[in-house]
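Under this note's numbering, the sequence shown is numbered contiguously, ending at residue 359. All C-beta atoms in this analysis are idealised placements derived from N, C-alpha and C, irrespective of residue type, glycine included. In this text, all values refer to a predicted model and were calculated from it rather than measured experimentally. Report on the following structure.
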Amino acid sequence: MGERAVWYVSYGSNTHLARLARYLAGGRPAGGARDYPGCRDATPPARSVPWELPGTVYFATHSPVWGGGRAFYDPDAPGTALARAHLVTAGQFSDIAAQEMYAEPGRDLDLGEVLATGRSRLGPGRYQTLVRAGALDGVPLLTFTAPWAMADVPWTVPSAAYLDHLAAGLREAGGWDDAHVARYLAGRPGAAGHWTARDGVLVPEKPQDPRSAAEPRDG
141 MGERAVWYVS YGSNTHLARL ARYLAGGRPA GGARDYPGCR DATPPARSVP
191 WELPGTVYFA THSPVWGGGR AFYDPDAPGT ALARAHLVTA GQFSDIAAQE
241 MYAEPGRDLD LGEVLATGRS RLGPGRYQTL VRAGALDGVP LLTFTAPWAM
291 ADVPWTVPSA AYLDHLAAGL REAGGWDDAH VARYLAGRPG AAGHWTARDG
341 VLVPEKPQDP RSAAEPRDG
(Lines of atoms letter the chains of each structure in order from A and count residues from 1; the text may use other names and numbers.)
(Lines give C-alpha, C1' and ligand atoms only; values in the text may rest on other atoms or scores of the structure.)
Protein backbone atom coordinates (compact mmCIF):
# COMPACT_ATOMS: atom_id res chain seq x y z
CA MET A 1 0.00 0.00 0.00
CA GLY A 2 2.87 2.39 0.82
CA GLU A 3 3.98 2.79 -2.81
CA ARG A 4 0.47 3.22 -4.18
CA ALA A 5 -0.16 6.65 -5.69
CA VAL A 6 -2.73 8.92 -4.06
CA TRP A 7 -3.58 12.59 -4.31
CA TYR A 8 -3.06 14.45 -1.05
CA VAL A 9 -5.53 17.34 -1.24
CA SER A 10 -4.44 20.27 0.91
CA TYR A 11 -6.84 23.11 1.69
CA GLY A 12 -4.58 24.73 4.31
CA SER A 13 -0.94 25.69 4.69
CA ASN A 14 0.34 22.76 2.61
CA THR A 15 -1.10 24.33 -0.51
CA HIS A 16 2.25 26.13 -0.38
CA LEU A 17 5.00 23.90 -1.84
CA ALA A 18 7.76 25.38 0.33
CA ARG A 19 5.86 24.43 3.48
CA LEU A 20 4.94 21.00 2.13
CA ALA A 21 8.65 20.44 1.50
CA ARG A 22 9.25 20.60 5.27
CA TYR A 23 6.67 17.87 5.83
CA LEU A 24 8.43 15.78 3.19
CA ALA A 25 12.11 16.45 3.91
CA GLY A 26 11.91 17.67 7.50
CA GLY A 27 13.02 20.91 9.09
CA ARG A 28 11.44 24.18 10.11
CA PRO A 29 9.53 26.36 7.63
CA ALA A 30 10.55 29.99 7.26
CA GLY A 31 8.99 31.91 10.12
CA GLY A 32 7.77 28.68 11.70
CA ALA A 33 7.88 27.63 15.34
CA ARG A 34 7.99 23.88 14.89
CA ASP A 35 10.50 21.40 13.46
CA TYR A 36 9.00 18.63 11.32
CA PRO A 37 10.61 15.17 11.22
CA GLY A 38 9.73 14.66 7.55
CA CYS A 39 8.64 11.60 5.59
CA ARG A 40 10.43 8.32 5.04
CA ASP A 41 10.40 9.27 1.35
CA ALA A 42 11.27 12.94 0.82
CA THR A 43 10.61 12.89 -2.94
CA PRO A 44 8.62 15.98 -4.06
CA PRO A 45 5.10 15.42 -5.45
CA ALA A 46 5.04 14.02 -8.97
CA ARG A 47 2.41 16.66 -9.79
CA SER A 48 0.56 19.45 -8.01
CA VAL A 49 -2.68 20.79 -9.46
CA PRO A 50 -5.35 23.28 -8.37
CA TRP A 51 -8.49 21.54 -7.15
CA GLU A 52 -11.95 22.37 -5.87
CA LEU A 53 -13.52 20.24 -3.16
CA PRO A 54 -17.26 19.99 -2.51
CA GLY A 55 -17.88 21.42 0.95
CA THR A 56 -16.58 24.31 3.01
CA VAL A 57 -13.31 25.34 4.63
CA TYR A 58 -13.71 27.18 7.93
CA PHE A 59 -11.45 28.37 10.75
CA ALA A 60 -11.65 26.96 14.28
CA THR A 61 -9.56 26.13 17.39
CA HIS A 62 -6.33 28.05 18.02
CA SER A 63 -2.93 27.48 16.43
CA PRO A 64 0.05 28.42 18.63
CA VAL A 65 2.14 28.46 15.45
CA TRP A 66 -0.03 30.97 13.57
CA GLY A 67 -1.72 32.75 16.45
CA GLY A 68 -5.31 32.31 15.28
CA GLY A 69 -7.80 29.88 13.83
CA ARG A 70 -6.79 26.79 11.85
CA ALA A 71 -8.36 25.71 8.56
CA PHE A 72 -10.66 22.70 8.66
CA TYR A 73 -12.77 21.11 5.94
CA ASP A 74 -16.40 20.08 6.28
CA PRO A 75 -17.25 17.85 3.30
CA ASP A 76 -20.93 17.81 4.25
CA ALA A 77 -21.41 21.59 4.28
CA PRO A 78 -22.60 23.41 1.16
CA GLY A 79 -20.14 25.29 -0.97
CA THR A 80 -16.82 24.79 -2.73
CA ALA A 81 -13.39 24.71 -1.12
CA LEU A 82 -10.29 25.82 -3.02
CA ALA A 83 -7.41 23.40 -2.61
CA ARG A 84 -4.30 21.95 -4.18
CA ALA A 85 -3.85 18.26 -4.95
CA HIS A 86 -0.35 16.78 -4.65
CA LEU A 87 0.41 13.41 -6.26
CA VAL A 88 2.34 11.42 -3.64
CA THR A 89 2.63 7.83 -2.45
CA ALA A 90 0.32 6.38 0.17
CA GLY A 91 3.34 6.14 2.46
CA GLN A 92 4.05 9.85 2.07
CA PHE A 93 0.39 10.67 2.69
CA SER A 94 0.55 8.57 5.86
CA ASP A 95 3.65 10.41 7.09
CA ILE A 96 2.22 13.86 6.27
CA ALA A 97 -0.99 12.98 8.10
CA ALA A 98 0.98 11.71 11.10
CA GLN A 99 2.83 15.02 11.38
CA GLU A 100 -0.45 16.94 11.26
CA MET A 101 -1.71 14.66 14.03
CA TYR A 102 1.44 15.36 16.10
CA ALA A 103 2.34 11.67 15.81
CA GLU A 104 5.64 10.12 14.78
CA PRO A 105 5.74 9.32 11.04
CA GLY A 106 6.90 5.92 9.89
CA ARG A 107 3.81 3.72 9.78
CA ASP A 108 1.49 3.29 6.81
CA LEU A 109 -2.10 4.17 7.57
CA ASP A 110 -4.79 1.63 6.81
CA LEU A 111 -6.59 3.35 3.94
CA GLY A 112 -9.00 0.50 3.32
CA GLU A 113 -11.96 2.08 5.09
CA VAL A 114 -11.60 5.55 3.59
CA LEU A 115 -11.15 4.14 0.09
CA ALA A 116 -14.21 1.91 0.49
CA THR A 117 -16.59 4.24 2.33
CA GLY A 118 -15.22 7.75 1.81
CA ARG A 119 -14.56 8.40 5.50
CA SER A 120 -12.31 6.94 8.20
CA ARG A 121 -12.04 8.26 11.75
CA LEU A 122 -8.62 7.41 13.17
CA GLY A 123 -9.11 9.28 16.43
CA PRO A 124 -11.01 12.10 18.15
CA GLY A 125 -8.51 14.88 17.45
CA ARG A 126 -8.17 17.51 14.77
CA TYR A 127 -6.97 16.19 11.40
CA GLN A 128 -7.59 12.59 12.50
CA THR A 129 -10.48 11.95 10.11
CA LEU A 130 -9.61 10.87 6.58
CA VAL A 131 -11.88 11.84 3.68
CA ARG A 132 -11.94 10.53 0.12
CA ALA A 133 -13.09 13.25 -2.27
CA GLY A 134 -13.39 11.27 -5.49
CA ALA A 135 -10.60 10.50 -7.92
CA LEU A 136 -8.45 12.23 -10.51
CA ASP A 137 -7.05 10.21 -13.42
CA GLY A 138 -8.19 7.09 -11.60
CA VAL A 139 -6.15 7.96 -8.48
CA PRO A 140 -8.03 8.58 -5.19
CA LEU A 141 -8.17 12.11 -3.78
CA LEU A 142 -7.58 12.03 -0.02
CA THR A 143 -7.49 14.67 2.68
CA PHE A 144 -7.89 14.87 6.45
CA THR A 145 -9.92 17.06 8.78
CA ALA A 146 -11.61 17.11 12.18
CA PRO A 147 -14.34 14.62 13.13
CA TRP A 148 -16.80 17.37 13.99
CA ALA A 149 -19.04 19.37 11.68
CA MET A 150 -18.51 23.06 11.00
CA ALA A 151 -21.67 23.95 12.95
CA ASP A 152 -20.56 22.01 16.03
CA VAL A 153 -17.64 24.23 17.10
CA PRO A 154 -16.99 27.95 17.64
CA TRP A 155 -15.23 29.60 14.72
CA THR A 156 -11.92 31.37 15.33
CA VAL A 157 -10.54 34.39 13.50
CA PRO A 158 -7.39 33.46 11.51
CA SER A 159 -4.26 35.60 11.76
CA ALA A 160 -2.93 37.80 8.99
CA ALA A 161 0.17 35.61 8.67
CA TYR A 162 -1.90 32.45 8.22
CA LEU A 163 -4.24 34.01 5.66
CA ASP A 164 -1.29 35.42 3.73
CA HIS A 165 0.24 31.94 3.65
CA LEU A 166 -2.97 30.30 2.44
CA ALA A 167 -3.41 32.99 -0.21
CA ALA A 168 0.16 32.49 -1.44
CA GLY A 169 -0.35 28.74 -1.73
CA LEU A 170 -3.61 29.05 -3.64
CA ARG A 171 -2.15 31.67 -5.99
CA GLU A 172 0.89 29.42 -6.52
CA ALA A 173 -1.47 26.59 -7.50
CA GLY A 174 -2.39 28.63 -10.56
CA GLY A 175 -6.12 27.99 -10.73
CA TRP A 176 -7.44 31.35 -9.54
CA ASP A 177 -6.45 34.99 -9.72
CA ASP A 178 -5.54 37.15 -6.72
CA ALA A 179 -8.96 38.74 -6.43
CA HIS A 180 -10.77 35.39 -6.44
CA VAL A 181 -8.44 33.95 -3.79
CA ALA A 182 -8.83 37.01 -1.55
CA ARG A 183 -12.64 36.99 -1.82
CA TYR A 184 -12.72 33.26 -1.14
CA LEU A 185 -10.61 33.45 2.03
CA ALA A 186 -12.41 36.55 3.32
CA GLY A 187 -15.70 34.68 3.03
CA ARG A 188 -14.69 31.61 5.03
CA PRO A 189 -16.52 31.09 8.34
CA GLY A 190 -14.24 32.49 11.02
CA ALA A 191 -12.73 35.05 8.66
CA ALA A 192 -16.01 36.52 7.39
CA GLY A 193 -16.84 39.76 9.14
CA HIS A 194 -13.25 40.18 10.32
CA TRP A 195 -11.39 40.23 7.00
CA THR A 196 -12.33 41.69 3.64
CA ALA A 197 -10.90 41.51 0.12
CA ARG A 198 -9.71 44.78 -1.35
CA ASP A 199 -7.88 44.98 -4.69
CA GLY A 200 -6.92 41.31 -4.42
CA VAL A 201 -5.52 41.70 -0.90
CA LEU A 202 -6.95 40.67 2.47
CA VAL A 203 -7.35 43.53 4.94
CA PRO A 204 -8.92 43.62 8.43
CA GLU A 205 -12.51 44.83 8.64
CA LYS A 206 -11.46 47.00 11.58
CA PRO A 207 -7.96 48.52 11.66
CA GLN A 208 -5.77 46.74 14.22
CA ASP A 209 -4.30 48.67 17.13
CA PRO A 210 -0.59 48.88 16.22
CA ARG A 211 0.28 48.11 19.84
CA SER A 212 -1.58 44.78 19.73
CA ALA A 213 -0.15 43.99 16.28
CA ALA A 214 3.34 44.34 17.73
CA GLU A 215 2.72 41.79 20.47
CA PRO A 216 4.50 38.45 19.84
CA ARG A 217 2.41 35.40 19.03
CA ASP A 218 2.60 32.23 21.09
CA GLY A 219 4.68 29.35 19.78
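When the distance is taken between beta carbons, is residue j closer than 7 Å to residue i?
| i | j | result |
| --- | --- | --- |
| PRO185 | HIS156 | no |
| ALA211 | GLY152 | yes |
| SER150 | ARG224 | yes |
| VAL293 | ALA200 | yes |
| TYR198 | GLY327 | no |
| LEU193 | ALA273 | yes |
| ALA319 | GLY340 | yes |
| GLN276 | GLN268 | Rather than Gln, the amino acid found at residue 276 in this sequence is Leu. No. |
| PRO344 | GLY208 | no |
| TYR176 | ARG162 | yes |
| ALA230 | VAL146 | yes |
| PRO169 | GLY315 | no |
| ARG323 | ALA337 | yes |
| ARG266 | ALA286 | yes |
Ignore the nearest five residues each way along the sequence and tell me which others in residue i's own chain have a CB closer than 8 Å to its CB.
| i | result |
| --- | --- |
| ALA289 | ASP214, ASP216 and ALA217 |
| ALA332 | ALA326 |
| ALA158 | PRO169 and ALA170 |
| ALA353 | Below a pLDDT of 50, predicted positions are generally treated as unreliable, and ALA353, at 39, falls in that range; no measurement from the model is reported. |
Among the residues of its own chain, which have a CB less than 6 Å from the CB of residue i, if the five just before and after it don't count?
| i | result |
| --- | --- |
| LEU303 | LEU325 and LEU342 |
| SER234 | ASP248 and LEU249 |
| SER203 | ARG210 |
| ALA238 | PRO245 |
| LEU154 | In the sequence on display, residue 154 carries Asn and not Leu. LEU160, listed in sequence order. |
| ASP349 | With a pLDDT of 48 at ASP349, under the threshold of 50, the predicted position of this residue should be treated as unreliable, and no value is reported. |
| GLN232 | CYS179 and ASP181 |
| ALA165 | GLY178 and ALA182 |
| GLU355 | Bear in mind that a pLDDT of 40 at GLU355, under 50, signals an unreliable position, so the model cannot answer this. |
Where does the unbroken beta strand (DSSP E) through residue i begin, and where does it stop?
| i | result |
| --- | --- |
| LEU222 | 220–229 |
| VAL146 | 145–150 |
Per DSSP, which residues does residue i bridge with? Please list them.
| i | result |
| --- | --- |
| ASP339 | DSSP lists no partner for ASP339. |
| ASP81 | Nothing in the structure corresponds to residue 81, since the chain is present only between 141 and 359. |
| ALA275 | PRO280 |
| PRO190 | ARG224 |
| GLY208 | SER203 |
| ALA332 | TRP335 |
| LEU118 | Summary: the structure shown does not reach residue 118, with the chain confined to residues 141 through 359, and so no result is reported for it. |
| TRP288 | Paired residues: none, contrary to the question. |
| PRO294 | Bridge partners of PRO294: none, in fact. |
| THR269 | ARG261 and THR285 |
| PRO370 | Here the chain covers residues 141 to 359 and nothing more, so residue 370 does not appear. |
Can you tell me where the alpha helix (DSSP H) with residue i in it begins and where it stops?
| i | result |
| --- | --- |
| ALA161 | 157–165 |
| GLY265 | Careful: GLY265 lies outside any alpha helix (DSSP H) and carries neither H nor E. |
| GLU312 | 300–313 |
| GLY252 | 252–257 |
| ASP322 | Here residue 322 turns out to be Ala, not Asp, going by the sequence shown. Unbroken alpha helix (DSSP H) run through ALA322: 318–326. |
Near residue i, what residues of its chain come up, given a Cβ to Cβ distance below 7 Å and the 5 sequence neighbours on each side ignored?
| i | result |
| --- | --- |
| GLY359 | Low confidence applies to GLY359: its pLDDT is 33, below 50, so where it sits in the model is not reliable, and the reading given next is rough at best. Cβ neighbours of GLY359 beyond the five flanking positions: ALA173, PRO204 and VAL205. |
| GLU240 | TYR267 and PHE284 |
| PRO264 | PRO287 |
| THR296 | PHE199, ALA200, THR201, HIS202, GLY208, GLY209 and GLY330 |
| ILE236 | TYR148, TYR163 and CYS179 |
| GLY219 | GLY195 and THR196 |
Could you check if residue i belongs to the surroundings of the ligand ADP, using beta carbon to heavy atom distance under 6 Å?
| i | result |
| --- | --- |
| GLY246 | The ligand ADP is not among the ligands present in this structure, which contains no ligands whatsoever. |
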